[in-house]
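The structure appears below as structure tokens.
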Amino acid sequence: MKSDLDRLLESIQHNTERKQRNSNKAASADPAHVASKNSVTKSNALARAYYRYGLVEKRIMETLVSQLHPLRMDNQFQEIELTALAYTQAFKVDVKHSYEHLEKAVTGLMKRVISVAGEGIEDDRVEFTLMARARYRKQQGKIICTFNPLVVPHLVGMSKQFTKYPLSQAVDFTSSYTWRFYELLMSWAKKKSETNGLIAGWLTVEVDELRSMLGVPKSYSWSKFESQILNMVQAELKEKANIHIDIERRKTSRKITHLHIRFIEDQQTQLPLEGEDTKQKKAA
Numbered sequence: 032m033k034s035d036l037d038r039l040l041e042s043i044q045h046n047t048e049r050k051q052r053n054s055n056k057a058a059s060a061d062p063a064h065v066a067s068k069n070s071v072t073k074s075n076a077l078a079r080a081y082y083r084y085g086l087v088e089k090r091i092m093e094t095l096v097s098q099l100h101p102l103r104m105d106n107q108f109q110e111i112e113l114t115a116l117a118y119t120q121a122f123k124v125d126v127k128h129s130y131e132h133l134e135k136a137v138t139g140l141m142k143r144v145i146s147v148a149g150e151g152i153e154d155d156r157v158e159f160t161l162m163a164r165a166r167y168r169k170q171q172g173k174i175i176c177t178f179n180p181l182v183v184p185h186l187v188g189m190s191k192q193f194t195k196y197p198l199s200q201a202v203d204f205t206s207s208y209t210w211r212f213y214e215l216l217m218s219w220a221k222k223k224s225e226t227n228g229l230i231a232g233w234l235t236v237e238v239d240e241l242r243s244m245l246g247v248p249k250s251y252s253w254s255k256f257e258s259q260i261l262n263m264v265q266a267e268l269k270e271k272a273n274i275h276i277d278i279e280r281r282k283t284s285r286k287i288t289h290l291h292i293r294f295i296e297d298q299q300t301q302l303p304l305e306g307e308d309t310k311q312k313k314a315a
């Protein structure tokens with residue numbers, strides 16, 4: 032016969048397990064649940080990190096990030112799964128290609144290096160890999176990943192200086208450059224209480240740093256960077272995310288060294304931004 036103490040301990044254990052249960056994993060068992068309904072949350076430092084993933088790797092990375100449960104105490108050891116079916120539903124990809132994408136992504140997720148700004152005075156940059164382990168199970172049609180414990184603090188438990196956006200906002204992007212640029216804008220966006228509820232903000236960034244954050248090959252000349260990346264990103268974010276971007280080129284001597292970027296949701300909106308002119312310029 033169970034004692035009062037036994038019943039109390041069982042109750043505590045049950046409540047603890049319930050709180051730690053991964054709700055996204057439970058939701059994925061629901062045929063009606065689509066991964067794109069999740070939100071992606073990460074530190075501003077990680078949003079502004081230096082790295083380069085292809086579009087498939089970026090899709091899988093962010094879908095896995097969106098499934099991390101913020102209440103679990105074992106996130107650093109948590110195995111996150113993504114099935115070919117869930118990938119197909121989220122990104123409208125043929126199931127056959129979904130299997131191929133998951134399999135090919137394993138190597139990239141394990142080997143690509145991410146570089147973030149160091150927290151210590153003597154650490155300019157800190158580098159790490161995204162995953163501690165990644166497995167592809169062909170027969171089951173899924174990838175199973177465990178995040179690098181060093182990355183986890185950039186993904187859960189943050190109370191300030193973090194970036195959050197709905198995964199659904201990015202699923203239609205056709206370039207990983209667009210996705211990365213979108214994340215950068217979200218990390219610099221003003222509080223919506225200051226912008227009438229719209230996504231809006233501005234920043235000034237060195238050209239070389241922006242290239243590093245986007246993972247642009249060093250072999251790209253300015254003209255190639257401008258025509259094949261900046262212009263493409265502006266057009267796609269306007270079309271797919273309804274974000275109007277104005278880019279002002281700033282020179283040091285005769286070289287373009289900095290970009291002043293302003294962005295606002297819905298190009299028809301004339302919203303006065305603090306410290307900025309109310310009239311928008313024509314997009315560069």
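Residues in the sequence shown are numbered from 32 upward in steps of one, following my numbering. By construction, the Cβ of each residue, glycine as well, lies at the ideal position given by its N, Cα and C atoms. Note that the structure is a prediction, hence the values are computed from the model and not measured.
Own chain residues within Cβ distance below 6 Å of residue i, not counting five before or after
| i | result |
| --- | --- |
| Ile111 | Leu95, Gln98, Cys176 |
| Ala148 | Ala76 |
| Leu234 | Trp219, Ile292 |
| Val264 | Tyr208, Thr209, Phe212 |
| Thr274 | According to the sequence displayed, residue 274 carries Ile and not Thr. Cβ within range, chain order: Leu268, Phe294, Glu296. |
| Glu240 | none |
Pairwise C-alpha distance: residue j and residue i
| i | j | result |
| --- | --- | --- |
| Arg211 | Met244 | 8 Å |
| Leu113 | Val124 | 14 Å |
| Lys169 | Ser129 | 11 Å |
| Lys127 | Val65 | 18 Å |
| Ser67 | Glu214 | 16 Å |
| Ile254 | Phe204 | The sequence shown places Ser at residue 254, not Ile. In a straight line, the C-alpha of Ser254 is about 23 Å away from that of Phe204. |
| Val157 | Ser146 | 6 Å |
| Leu161 | Thr226 | 34 Å |
| Glu296 | Ala231 | 6 Å |
| Lys271 | Ser284 | 36 Å |
| Phe318 | Leu116 | Because the chain is modelled from 32 through 315, residue 318 falls outside the range shown and cannot be assessed. |
| Tyr82 | Leu181 | 16 Å |
| Phe256 | Lys269 | 19 Å |
| Thr72 | Ser199 | 13 Å |
| Leu86 | Met189 | 27 Å |
| Val187 | Ile276 | 30 Å |
| Glu150 | Gly228 | 32 Å |
Other residues of its chain near residue i: CB distance less than 8 Å, five sequence neighbours each side excluded
| i | result |
| --- | --- |
| Ile260 | Tyr208, Leu245, Val247, Tyr251 |
| Glu88 | Ala136, Gly139, Leu140, Arg143, Ser207 |
| Ile91 | Leu113, Tyr118, His132, Leu133, Ala136, Leu140, Ile174 |
Nearest-angstrom beta carbon gap, residue j and residue i [assumed within contact, 8 Å]
| i | j | result |
| --- | --- | --- |
| Ala220 | Glu93 | About 17 Å separates the two Cβ atoms, so there is no contact after all. |
| Thr194 | Ser218 | 4 Å |
| Ile287 | Arg280 | 5 Å |
| Pro197 | Ser74 | That pair is no contact at about 18 Å. |
| Val238 | His185 | That pair is no contact at about 25 Å. |
Cut-off 7 Å between Cβ atoms - residues of its own chain near residue i, not counting five sequence neighbours on either side
| i | result |
| --- | --- |
| Tyr84 | Met92, Gly139, Arg143, Ser207 |
| Ala63 | In this prediction, Ala63 has a pLDDT of 48, which is less than 50 and means its spatial position is unreliable; what the coordinates show is noted afterwards. So no residue of the chain qualifies. |
| Arg79 | Leu215, Ser218, Met244 |
Residue i at chain C interface by Cβ criterion, 8 Å
| i | result |
| --- | --- |
| Lys271 | This model lacks chain C altogether; it includes just one protein chain. |
Near the ligand NAD: residue i beta-carbon under 7 Å from a heavy atom
| i | result |
| --- | --- |
| Thr119 | No copy of the ligand NAD appears in this structure; indeed no ligand is present at all. |
Could you check whether the segment 131-138 touches the segment 165-182, counting it as contact only if at least three pairs of C-beta atoms, one from each stretch, sit closer than 8 Å? Yes: at least three Cβ pairs fall under 8 Å.
Enumerate, from N- to C-terminal direction, the unbroken alpha helix (DSSP H) stretches of 4 or more residues contained entirely within the segment 117-160. Whole alpha helix (DSSP H) segments, 4+ residues: 126-142.
Which runs of the beta strand (DSSP E) at least 3 residues long sit entirely within the segment 165-246? Give them in chain order. Fully enclosed beta strand (DSSP E) runs of 3 or longer: 173-178, 193-197, 231-237.
Residue ranges of each beta strand (DSSP E) within the segment 66-106, 3 or longer: With a minimum length of 3 residues, the continuous beta strand (DSSP E) runs that stay inside the segment 66-106 are 70-74.
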